[in-house]
Amino acid sequence: MGTVSLEEVKRAALKWALKNAFDHDGKAQVGPVVSKVIAEIPAAKSVVSQVVEAVKEAVAWVNSLDLQTIEVSLSEIAPHLLAEKPRREVERQLPDLPAAIEGAVVLRLPPEPSGYMHLGHAFHGIINYLYRERYRGFLWLRFEDTNPRKVRAEYYDSYREGYRWCGVKWDAEKNNSDDMELYYEYARRLFEGGHLYVCSCSKEEMAKQRSKGVACSHRSMDTSWHLDKWDEMLSGAMSEGEAVVRFAGDPQSQNTALRDPVLFRIVDHPHPLKGDRYIVWPTYDFAVAIQDAVCGVTHVLRTSEFMFRDALQDAIRERLGLKNPVYVEYSRFEFEGTPLSRRKIRELIERGVVEGWDDPRLGTVTSARRRGISPEALKEFVKSYVALTPSRKLYSWELLYAINRKILDPKTPRLFFTPSPRKVIIREAHRRLVTAPLHPSTDMGSRTIEVGETVYIPGSDAENLKPGDRFRLKYFVNLKVLGLDGDALICEAEEGGPEPGLQVIQWVPEGASKLRVLIPDQLFRGEELNTESLKTVEGLVEPYETKIALGTVVQFERFGYCVKDGPGLYIFTHR
């Protein structure tokens with residue numbers, strides 16, 4: 096090439112091919128790379144045909160790599176090129192709320208403290224919070240705790256902590272159980288208006304009435320009789336199951352929620368906050384109907400399985416002269432192979448399929464947090480993929496992982512981990528210090544690794560190497576395989592740095608610590624339980640790992656993002 100060095104052109108071609116692929120989802124194009132090479136080496140214009148050939152060779156090799164390997168290679172050759180220019184992105188917004196007035200929107204988060212918070216609750220909380228911010232509104236955290244048998248004190252804190260972790264802020268907090276006397280007052284008004292009646296039918300008889308669309312005989316009793324029975328219920332003179340209070344709706348309504356449902360029942364069980372003070376408790380529909388009015392809620396945002404109950408709650412309020420809210424309903428948040436139902440999660444725990452509510456295979460907030468999913472990713476997921484329509488959607492975990500990866504990437508330190516390690520002996524190697532950056536493009540500092548003639552590489556890489564093969568230990572040295580000594584690879588060091596076609600492998604020095612990584616997968620494949628939903632990978636990790644705090648996410652190069660769960664233990668987040 097005359098005054099132009101062929102090696103210089105090849106190095107530039109590799110660098111710019113990696114950069115072009117990094118910027119374009121792993122696929123480099125010859126034309127832009129040629130332009131970059133000539134811009135860097137103007138004299139190469141005189142031998143442009145040779146430049147094109149060098150670029151084609153580099154592009155072909157780079158395009159055979161995955162994105163993570165491209166990043167790893169570029170980080171060693173030209174780490175400054177990894178710093179992406181900020182892209183102008185249109186801020187994604189949820190659709191407008193109907194009949195919403197800025198400064199006058201009142202919303203509510205209504206968790207039932209009968210289990211730990213899951214991702215569906217988190218997404219619901221984020222949606223409400225985003226609208227609160229958008230309309231400069233008011234947001235209630237209101238615990239729906241009027242079923243003493245289901246609620247437990249620890250679950251209240253689960254929601255408080257979970258919403259805070261998600262970045263959700265509320266303006267006021269209350270418990271539905273705080274207003275028992277108010278429910279009784281409204282109930283008496285409804286009795287007096289002929290809208291409630293006391294029923295002593297069995298559960299089976301009530302179910303038969305509602306199924307056939309026939310009225311209960313107790314409904315025809317006069318108001319004074321019902322009020323006397325109501326007072327008996329409140330006084331404790333009746334036992335659980337002896338009587339209930341039903342709504343005088345339409346027994347033949349197409350909406351079965353209006354077929355005289357139960358609105359009060361006797362529950363002989365202590366409440367975690369109220370103890371034994373009350374024995375007659377409102378059902379979900381009555382408590383919610385009253386609370387939405389009392390709290391001044393203007394917009395109810397909730398999943399579509401509640402849609403058929405809207406008419407009942409509206410009817411209760413209308414008969415009391417209370418204002419109804421606007422409903423915005425959307426499909427439940429469901430992820431492939433992951434049950435979010437608290438009932439199903441309890442069953443899995445009781446059967447010993449999972450270890451507890453924070454098992455990394457579950458869709459609870461504690462498990463997502465333990466696994467390294469960031470709250471910012473949840474918020475971006477809501478903005479990007481949630482449509483406020485009732486049609487059912489089953490989300491792929493990969494959608495959430497892709498968002499989480501973008502958030503984690505610029506702030507996550509890189510370390511070396513070698514699964515199923517194999518020994519490599521470097522002949523005539525002298526002990527030295529290798530300095531490696533903690534991040535290829537973000538200034539996080541560096542770590543120093545002391546290394547001698549023995550290192551360990553991943554077993555999956557070692558098994559593909561044979562005498563005569565060449566590879567590179569990242570940030571360290573190029574090696575040529577000479578042969579085997581038992582399971583150990585015998586290698587010799589070569590001069591030079593990264594080059595096209597030369598595999599770059601992570602490594603750890605002799606004396607590296609043992610590490611286990613739990614790899615969670617979907618609990619179900621279709622309807623079948625996945626018996627391989629939790630695997631363990633064992634290997635060695637570089638010495639710097641001891642400085643990583645519990646709960647910190649790292650990227651083990653060529654392996655994936657993982658979060659430190661305990662000494663010598665990590666949980667795999669995603670690649």
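Just so we're aligned: the sequence shown equals residues 96 to 670 in my numbering. For each residue, glycine too, the CB sits at the ideal point set by N, CA and C. Given the structure is predicted, the values throughout are model-derived calculations rather than measurements.
| Asked | Found |
| --- | --- |
| In this structure, how does DSSP classify N419 when only helix, strand and coil are distinguished? | coil |
| Looking at the strands, I want to know which residues DSSP matches up with G655. | F651 |
| So what's R182 in DSSP terms, helix, strand or just coil? | For R182, the pLDDT reaches just 48, beneath the cut-off of 50, and the residue's location in the model is therefore unreliable, leaving the point undetermined. |
| Entirely within the region 441-515 and at least 3 residues each: give me those beta strand (DSSP E) ranges in chain order. | 512-514 |
| Let me confirm a value: N573 is counted as buried when at least 16 other C-beta atoms fall within 10 Å, else exposed. Which label applies? | buried |
| Taking the alpha helix (DSSP H) that H216 belongs to, which residues open and close that run? | L214 to R229 |
| Would you check if there are 3 or more beta carbon pairs closer than 8 angstroms linking the region 419-432 to the region 243-251? | no |
| To the nearest angstrom, how far is it from the Cα of F619 to the Cα of C261? | 26 angstroms |
| What residue range is occupied by the uninterrupted beta strand (DSSP E) comprising F403? | Where F403 is concerned, there is no enclosing beta strand (DSSP E), given that its DSSP letter is neither H nor E. |
| When you compare each of Y251, G210 and G198 to Q229 by their alpha carbons, which one comes out closest? | Correcting the residue identity first, residue 229 is Arg in this sequence and not Gln. That would be G198, whose Cα lies nearest to the Cα of R229. |
| Which same chain residues, not among the five before or five after E471, have their C-beta less than 6 angstroms away from its C-beta? | I502 |
| With 16 as the cutoff for other CB atoms within 10 Å, does N270 come out buried or exposed? | buried |
| Leaving aside the five residues before and after A173 along the sequence, list all residues of the same chain whose C-beta is less than 6 angstroms from its C-beta, in chain order. | K110 |
| Are the region 338-358 and the region 302-319 touching by the rule of at least three beta carbon pairs closer than 8 angstroms? | yes |
| Taking all protein chains shown into account, do 16 or more other C-beta atoms lie within 10 angstroms of the C-beta of V599, making it buried, or fewer, making it exposed? | buried |
| Could you tell me which residues DSSP puts in a beta bridge with H364? | Answer is none; H364 lacks a bridge partner. |
| What does DSSP give as the partner residue(s) for F377 in the beta ladder? | Going by the sequence as given, residue 377 is Pro instead of Phe. DSSP lists F359 as partners of P377. |
| Figure out for me which residue from Y292, V392, D326 and V383 has the closest Cα to the Cα of G344. | Y292 |
| Taking its Cβ as the centre, do 16 or more other Cβ atoms sit within 10 Å of K418, making it buried, or is it exposed? | exposed |
| Should V132 and A139 be called a contact, given that it needs their Cβ atoms to be closer than 8 angstroms? | yes |
| Looking at the structure shown, is Q304 part of a helix, part of a strand, or coil, going by DSSP? | helix |
| Considering only their Cβ atoms, is the gap separating F667 from F512 smaller than 8 angstroms? | no |
| When the distance is taken between beta carbons, is V154 closer than 8 angstroms to V125? | yes |
| Name the residue from G592, E633 and P562 whose alpha carbon lies nearest to the alpha carbon of G578. | P562 |
| DSSP state of N573, grouped into three classes? | strand |
| Pull up the DSSP beta-bridge partners for K269, would you. | R237 |
| In angstroms, rounded to a whole number, what distance separates the CA positions of E587 and V576? | 7 angstroms |
| Alpha carbon to alpha carbon, how far is I136 from P127? | 14 angstroms |
| Take L189 and list the residues in its own chain whose beta-carbon comes closer than 8 angstroms to its own, dropping the five residues that flank it on each side. | I222, L225, Y226, R229, V477, K478, V481 and L483 |
| Since I believe F381 is in contact with W325 (beta carbons under 8 angstroms), could you give me their beta-carbon distance rounded to a whole number of angstroms? | Between F381 and W325 the Cβ distance is about 14 angstroms, and since that is not below 8 angstroms, they are no contact. |
| What would DSSP say about Q598, mapped onto helix, strand or coil? | strand |
| If distances are taken between C-alpha atoms only, which option among T351, V146, S399 and R341 comes closest to K307? | T351 |
| Would you mind sorting K659 into buried or exposed? The rule is 16 or more other CB atoms within 10 Å of its CB. | buried |
| Quick one, are the C-beta atoms of R542 and Y665 less than 8 angstroms apart? | no |
| Less than 8 angstroms between the C-beta atoms of P535 and S170, yes or no? | yes |
| Do R231 and C390 have their beta-carbon atoms positioned less than 8 angstroms apart in this structure? | no |
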